[in-house]
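Taking this note's numbering, the leading residue of the sequence shown gets 3, the next gets one more, and so forth.
Working notes, structure below.
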Amino acid sequence: MSDKIEQKYVAYMDSENPSEEFLSSLTVRLKEEEKRVRAKKKNAIKIRVASITAAGIAACAAVVLAISTAKSPALPVDKTTLDYAGTVNVSALDAKPLDILGDLSEITAKELAKRLDESLDELLVSESNNFVNAQNVDEKNRRELIEKLSSATETTAAPSGKQCCYMAVFEGEEIVKFSVYENGVVTINGSAMRFK
């Protein structure tokens, strides 16, 4: 009896066909699935190509970096020439003390003025104690500054107002830095004295 049921079932199933509506919806679903799978494969290929390209660029950069570090050893940095921001203060490199003026802690404004008048190579002015890209003082302003320093006397007045920083480079590459404040007070780096 079970054989007959099986035969009837098989015969019935063989005669059954899917409806046109089912076939059309199945076709649409299969096409959508095919598009999704293709898009996934394209994205996977793009990711692989991008990964390979990035790895290649990183390898090239590593080779260039290895070559450049192998060719030029790092130079030691003298910590005394660094300012508080951690950058090299170029104006402090290779500065020789002023032998003629003696110890800078005892230098007066008049002695500095005399030296500015006699053996000045270059006089730079800046709003800060950094003289990279600083401007040269013109002849007229240099003369006025020398006159001011020549007539200055020691004072206890505190500097106040806008600060003008100067760096005087003398023959023989000797350097002196000094500041003139808005209230007329003059300070010389290395000296505790103030002048007005």
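The beta-carbon is built from N, C-alpha and C at its ideal position, and this holds for glycine as well.
At the C-beta level, D140 and V171 stay beyond 7 angstroms of one another. If you look at K179, you'll find it in the beta strand (DSSP E) that goes E176 to Y183. If you look at E8, you'll find it in the alpha helix (DSSP H) that goes S4 to S17. In the displayed model, N138 falls within a strand according to three-state DSSP.
Only residues of its own chain outside the window of five on either side were considered, and among them I148 have a CB closer than 6 angstroms to the CB of D119, listed in chain order. One Cα belongs to A160, the other to A60, and the distance between them is close to 58 angstroms. Under DSSP, E124 forms a beta bridge with V171. Rounded to the nearest angstrom, the gap between the Cα atoms of F24 and K42 is 27 angstroms. By the beta-carbon neighbour count (other beta carbons within 10 angstroms, threshold 16), V30 is exposed. Beta-bridge analysis with DSSP links E156 to F197. DSSP places V188 in the uninterrupted beta strand (DSSP E) bounded by V188 to I190.
By the neighbour-count definition (other C-beta atoms within 10 Å, threshold 16), K179 is a buried residue. Rounded to whole angstroms, S181 and I190 show a C-alpha spacing of 6 angstroms. At the C-beta level, S193 and I69 stay beyond 7 angstroms of one another. Partner residues in a beta bridge of C62, as assigned by DSSP, do not exist.
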